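So for the sequence shown, UniProt numbering puts the first residue at 1; every next one is plus one.
C-beta: ideal position from N, C-alpha, C; glycine also.
All figures in this text were calculated on a predicted structure; none of them were measured in a lab.
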Amino acid sequence: MENHKLCFFFFLLLVSMLFLCSTLFSYSAAFRFFSSSAWTWSHPFHITAVHNNIQRRSVLKLTTGVESAATFNPTRVSRISWQPRVFSYKKFLTDEECEHLINLAKVGSLEKSMVVNDETGEGEASDVRTSSGMFLDTAHDEVVASIERRIAAWTFLPTENGEQMQILHYEHGQKYEPHADFFVDDFNVRAGGNRVATVLMYLSNVDKGGETIFPASEAKDFQPKDDTWSDCAKTGYGVKAKKGDALLFYNLHINLTADHMSLHGSCPVEKGEKWSATKWIHEKPYKDGRGSECIDEDEDCALWAKEGECEKNPIYMMGTKDDPGACSKSCNACSA
1 MENHKLCFFF FLLLVSMLFL CSTLFSYSAA FRFFSSSAWT WSHPFHITAV HNNIQRRSVL
61 KLTTGVESAA TFNPTRVSRI SWQPRVFSYK KFLTDEECEH LINLAKVGSL EKSMVVNDET
121 GEGEASDVRT SSGMFLDTAH DEVVASIERR IAAWTFLPTE NGEQMQILHY EHGQKYEPHA
181 DFFVDDFNVR AGGNRVATVL MYLSNVDKGG ETIFPASEAK DFQPKDDTWS DCAKTGYGVK
241 AKKGDALLFY NLHINLTADH MSLHGSCPVE KGEKWSATKW IHEKPYKDGR GSECIDEDED
301 CALWAKEGEC EKNPIYMMGT KDDPGACSKS CNACSA
């Protein structure tokens, strides 16, 4: 009897070891798969992985049926600061994409950049910001649309939450003094809530100056700087403009209150010129000042309205006096 018990014990031990080995192998294989994969996200919630030239769907997928895909490579992303939350993405844009955006701006109409008046919410000229710029529609062409999808993949914020991309040109001596991208007025937040995040893309190298600085960053005192940095860049954590690279920083805390440490600026260009592209992304779909337009913010609004959600969930579906609902059109809740 004792021999039978002993054999049974060793049998269970063998089975347990085999199970443990197979589990460890699975985790190891999964790690190798995910770490060697380039991620693809079919906007807004459809994630796949490309591994050894074979496209596979990941366990993180949320499918909306949209076929267009945007590639996101997490191995090129690094954290710069936690306070504020700032991340860099090496070679976010190709050289060809950078040149394309610059050429669009050159043939377009560059105008003096404006700043937002905190009291009125209106744009106005100021010596604080001396660059020139222009805006590009989200679907201006396929190159712009592709970049928009890539931004959405990186930030996990849908394209409809973003303002139009702004192309900026800084000549010698031009700058943008430290400022915050979030709004403090009531006027601008009506168009889609406050600005949650900013994506800043560098379209050119700068011979000297033109760095992006974060004066309040926790990392500013731990960044060594030599003579290649401008004096301005030495006043905060600095990021040199490198063609194709991009920054993502958050203007709000995770509870959607303003993050005053997100203060940032563009140092004066001392030698050469600087081209960049900025994308501001809001809490909700951005209406671009079209607050009176009757729209649905979700493609399933009509179905939800048919199922009685307008009556069951009126605040979300139809909104309030100051905050339009997600399905105002389908719920017939638009003001005349």
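Per the Cβ contact rule, the region 301-316 is not in contact with the region 188-201 (fewer than 3 Cβ pairs under 8 Å). For the pair of segments examined, the region 227-245 was found to touch the region 84-98: the number of CB pairs separated by less than 8 Å reaches three.
Note that the C-beta distance between PRO215 and LEU263 is below 7 Å.
Rounded to whole angstroms, the Cβ separation of SER217 and MET261 is 7 Å, and the two are in contact under 8 Å.
Check the Cα spacing between ILE295 and each of MET165, LYS329 and TRP275: the tightest is with LYS329.
In the three-state scheme derived from DSSP, where H, G and I count as helix and E and B as strand, ALA197 is classed as strand. Here TRP82 is exposed, its C-beta having fewer than 16 other C-beta atoms within 10 Å. In this structure, GLY236 places its C-beta atom within 7 Å of the C-beta atom of LYS220. Contact between the region 297-310 and the region 271-280 is not established, with fewer than three Cβ pairs separated by less than 8 Å.
The region 164-184 and the region 265-272 touch, with three or more beta-carbon pairs separated by less than 8 Å. By a beta-carbon distance limit of 8 Å, GLU163 contacts TRP280. Their separation comes to about 5 Å. Judged by DSSP secondary structure, LYS91 falls outside any alpha helix (DSSP H); it is assigned neither H nor E. Where THR278 is concerned, the enclosing beta strand (DSSP E) starts and stops at 274-282. By the neighbour-count definition (other C-beta atoms within 10 Å, threshold 16), PRO74 is an exposed residue. Under the DSSP assignment, PRO178 falls in the beta strand (DSSP E) whose first and last residues are 176-179. Annotated three-state conformation of HIS253 is coil, per DSSP. By the beta-carbon neighbour count (other beta carbons within 10 angstroms, threshold 16), GLU171 is exposed.
In this structure, the straight-line span from the alpha carbon of ASP298 to that of GLY210 is close to 40 Å. Here the C-alpha atom of ALA302 lies approximately 53 Å from the C-alpha atom of GLY272. Apart from the 5 residues on each side of it in sequence, PHE182 sits with its Cβ closer than 8 Å to the Cβ of ASN194, ARG195, ASN251, LEU252, ALA258, ASP259 and SER262 in its chain, given in chain order. Taking C-beta separations shorter than 6 Å and ignoring five residues to either side along the sequence, the partners of TRP154 in its chain run PHE72, following chain order. Straight-line spacing of the CA atoms in LEU157 and PHE87 works out to 15 Å. Note on ASN161: 16 or more other CB atoms within 10 angstroms of its CB, so buried under the neighbour-count rule.
Ranking ILE80, VAL77, ASN332 and ARG85 by CA distance to the CA of ILE254 puts ARG85 first. Of the residues assessed, ASN332 falls on the exposed side of the cut-off, its CB having fewer than 16 other CB atoms within 10 angstroms.
In the structure shown, VAL189 falls within a helical segment according to DSSP collapsed to helix, strand and coil. For THR155, the uninterrupted alpha helix (DSSP H) segment begins and ends at 142-155.
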